[in-house]
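S.K.: One structure, as structure tokens, below. Some questions next.
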Amino acid sequence: MGIAEILSAPPLILLLLTPAGASHFPRLAGLALLLGLMATQTGPIVRSCLQNVVAPRARASAFAVFAIFDDLGKGGGPWIIARMVRAFGRRRAFVLATALGWCVGGLVNLCVA
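Just so we're aligned: 26 in numbering that gives the first Met the number 0 is position 27 of the sequence shown, and the numbers increase by one with no gaps anywhere.
Take a look at the structure:
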């Protein structure tokens with residue numbers, strides 16, 4: 000789970016660094032396919048890890064905490080990225096967010112697994 004999350008960062012960074020007018024469709028399609036296969040694994044795997052690790056009596060609380068932090072990330076993430084875009088520019092902000100966010104998240108997921 001953590002390895003897939005960490006390995007999905009380089010294809011996204013390559014997609015973000017592709018020039019705007021570039022017409023390398025086969026390369027971009029391959030990167031997008033690889034990214035989609037790697038990045039979509041983390042959400043369902045986190046839920047199954049929670050279900051397998053947490054005792055049945057505490058499972059509802061664990062899923063509630065997970066849902067709260069997931070929603071905080073969905074709401075706070077765009078706010079943080081908007082501040083980074085203003086400070087660093089669009090490309091640099093998204094590359095920094097991908098490198099820091101996904102790699103740190105992948106390391107945390109590696110510690111859990």
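Note that beta-carbon positions come from the ideal geometry of N, C-alpha and C, so glycine has one too.
Can you tell me which of Ala63, Gly100, Val103, Ser7 puts its alpha carbon nearest to the alpha carbon of Leu32?
M.R.: Nearest of Ala63, Gly100, Val103, Ser7 to Leu32, Cα basis: Ser7.
S.K.: Apart from the five residues just before and just after Met83, which ones in its own chain have a Cβ nearer than 6 Å to its Cβ?
M.R.: Result list for Met83: Ala92, in chain order.
S.K.: Are there 16 or more other CB atoms within 10 angstroms of the CB of Trp78, so buried, or fewer, so exposed?
M.R.: Under this definition Trp78 is an exposed residue.
S.K.: In or out: Asn108 buried (at least 16 other Cβ within 10 Å) or exposed?
M.R.: Buried, since its Cβ has 16 or more Cβ neighbours within 10 Å.
S.K.: Taking 8 Å as the threshold (C-beta atoms), are Leu15 and Val94 in contact?
M.R.: Taking 8 Å as the Cβ cut-off, Val94 and Leu15 qualify as a contacting pair.
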